[in-house]
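So for the sequence shown, my numbering puts the first residue at -7; every next one is plus one.
We treat Cβ as the ideally placed atom computed from N, Cα and C, and that holds for glycine.
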Amino acid sequence: MDFASRLDKVGESATFKYSSMAKREGVLNLTQGLINYRTPSRIIEAAERAMREGKTSYTPTRGIPELREKIALKLEEENNIEALDPENILVSAGAKQVIFEAVMALVDRGVEVAVPNPSWVSYEPIINLAEGRIVWLPLKLEEGFIPGEDFLSELENSNPQLIFMNSPNNPTGAVYPKKVIREIVDIADRKNAWILSDEIYEKIIYRGEHFSPGSIYDKTITVNGFSKEYSMTGWRLGYCACPEKGVIDKMNIIQSQSVSCATSFVQYAALEAFTEEVKSGVKEMVSDLGNRRDLLVEGLGAAGLLGYKPCGAFYIFPRLGDGDDIKLADRLLEEGVGVIPGSPFGSSGKGCIRISYGFIPRDKIKDVVEKLSSIEL
Ligand SMILES: Cc1ncc(COP(=O)(O)O)c(C=O)c1O
């Protein structure tokens, strides 16, 4: 049987594959891109209420107006992205769907897209589905995976229609300083390129501050969602915003011809995420994650396995040598530690592993450090 050639360069998500292999009795599971917290009960109750009230039909394709209004206000108050009309916002079935729609709306066959290397495993396949051409922007562990000279000069020498940014970062945990974001924006501006700023880990920062390029550059599609901050990965709810409404309109066409809209009662439930009660629960969760991060940074650092300090998200991306990271991840799994190999995140991930501490209780971190330190590389 023949299949469409656009799938030739696209495979199954490495994170989903390794996560399912690590779900075994006795395995310290460091694969998961989620946090071991329940969705806040206010959100769950609001979903139940919405269903009972019959809010179970299609919604406007862009999302319910009440939610888009709350998002516009949040972006103004917390991200300095001012005066967005709810029509400039698109709510969808997860940030991943939003990113897919943005790429489909902006990238034609052969068009250049600049992507940090390493970066989240789904950017490359999504761009490949659109048959775009990826220009990799190298990040270095020695620079804490913060864009440096080589990254900026590669960007300067490219001709991208779209530039990906993701801070706080998956897989490295890096938080980009404002100055660096400004430098990237300057280049984008000169090249009249779009920026896709994936801010899904925005609230999970231990050192440094979040800065949204959308606050200084109108051709920025700011992407965010409810999955990580509110432990809602399975609810599938994300959104994006852009002062240039044209791109949102095009993405909305793709949305209306694919998922139609995000799930109705999930959108009503998400209104609760903007309450003070839920926000303070998020702060407590981030403080717990921060303690886990400190223990890991200290333990792995003392064992000589780290080499930089991740400041956000809940990932660490150490390099454990020049060997084959896929074989290494397989071997670690046999020895009872589930991690994601580094190379699916890009060629700069060779020899690295991605450790997620989102799903591991604090009292297990000592075991993680001991296991990783004792494995012969
Ligand atoms: C950097 C990044 N962007 C987007 C997503 C997708 O989030 P969602 O669950 O909202 O689709 C993830 C999920 O792991 C991620 O790590």
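- Excluding the 5 residues flanking it on each side, GLY136 has same chain C-beta neighbours closer than 7 Å at ALA166, TYR300, LYS301, in chain order.
- Pairing GLU4 with PRO117, the inter-Cα distance amounts to about 9 Å.
- Distance check between SER279 and each of LEU22, TYR29, THR7, GLY86 places TYR29 closest, using alpha-carbon atoms only.
- The beta-bridge partner set that DSSP reports for CYS232 consists of LEU82, VAL215.
- For VAL107, the uninterrupted beta strand (DSSP E) run begins and ends at 104 to 109, by DSSP.
- In the pairwise beta carbon analysis, the stretch 78 to 86 is classified as touching the stretch 237 to 249: at least three pairs are separated by under 8 Å.
- Distances between the C-beta of VAL167 and the heavy atoms of ligand 1 are all 8 Å or more.
- Under DSSP, ASP190 takes part in a beta bridge, and its partners are ASN158, VAL215.
- Annotated as distal: ASN161 and PRO205, with beta-carbon spacing of 9 Å or more.
- Per DSSP, the beta bridge partners of ASN21 are GLY330.
- For ligand 1, the residues with a Cβ under 6 Å from any of its heavy atoms are, in chain order, GLY25, GLY86, ALA87, LYS88, TRP112, ASN158, ASN162, ASP190, ILE192, GLY217, SER219, THR225, GLY230.
- Under the three-state reduction of DSSP output, LEU297 falls in the coil class, being neither helix nor strand.
- Inter-segment contact for the stretch 190 to 201 and the stretch 61 to 69 is absent: fewer than three beta-carbon pairs are separated by less than 8 Å.
- The alpha carbon of SER250 has as its nearest neighbour, out of PRO110, ARG54, ALA180, the alpha carbon of ARG54.
- Per DSSP, PRO57 is one residue of the alpha helix (DSSP H) stretching across 57 to 71.
- Looking at the backbone, the Cα of GLU74 and that of THR212 are separated by about 13 Å.
- Distance check between ALA106 and each of GLY282, GLU134, GLU148 places GLU148 closest, using alpha-carbon atoms only.
- Per the coordinates, the alpha-carbon of SER(-3) lies some 48 Å from the alpha-carbon of ALA294.
- For TYR307, the three-state secondary structure derived from DSSP is strand.
- Going by C-alpha positions, GLU264 is about 25 Å away from PRO235.
- Between VAL90 and PRO336, the alpha-carbon positions lie close to 21 Å from each other.
- DSSP places PRO117 inside the alpha helix (DSSP H), whose first and last residues are 115 to 121.
- VAL127 has ALA106 as its beta-bridge partners, per DSSP.
- Excluding its 5 nearest sequence neighbours in each direction, GLY291 has C-beta neighbours in its own chain below 6 Å: VAL361, listed in chain order.
- The count of Cβ pairs closer than 8 Å, one atom from the stretch 321 to 334 and one from the stretch 2 to 16, reaches three, so the stretches are in contact.
- In this structure, DSSP gives SER348 an extended state, which the three-state scheme calls strand.
- Around ILE35, the same chain offers TYR222, MET224, ALA261, ALA262, GLU264, ALA265, VAL270 as residues with beta carbons nearer than 8 Å, after the five sequence neighbours per side are excluded.
- In this structure the stretch 172 to 180 does not lie against the stretch 54 to 63, because fewer than three pairs of beta carbons, one per stretch, are closer than 8 Å.
- The Cβ-Cβ distance between PHE309 and GLY350 does not fall below 9 Å.
- The beta carbon of ILE345 lies closer than 8 Å to those of PHE309, PRO310, LEU312, ASP317, LEU320, ALA321, LEU324, VAL331, ILE332, PRO333, GLY334 in the same chain, with the five residues before and after it left out.
- Counting C-beta atoms within 10 angstroms of its own C-beta, THR48 has fewer than 16 neighbours from the protein chains shown and is therefore classed as exposed.
- Apart from sequence neighbours up to five positions away, the residues of its chain that approach ILE155 with a beta-carbon distance below 6 Å are ALA106, ALA180, ALA185, ILE187, ordered along the chain.
- Your pair LYS1 and ASN120 checks out as a contact, with CB atoms roughly 4 Å apart and the cut at 8 Å.
- In the DSSP assignment, ILE197 is bridged to GLY304.
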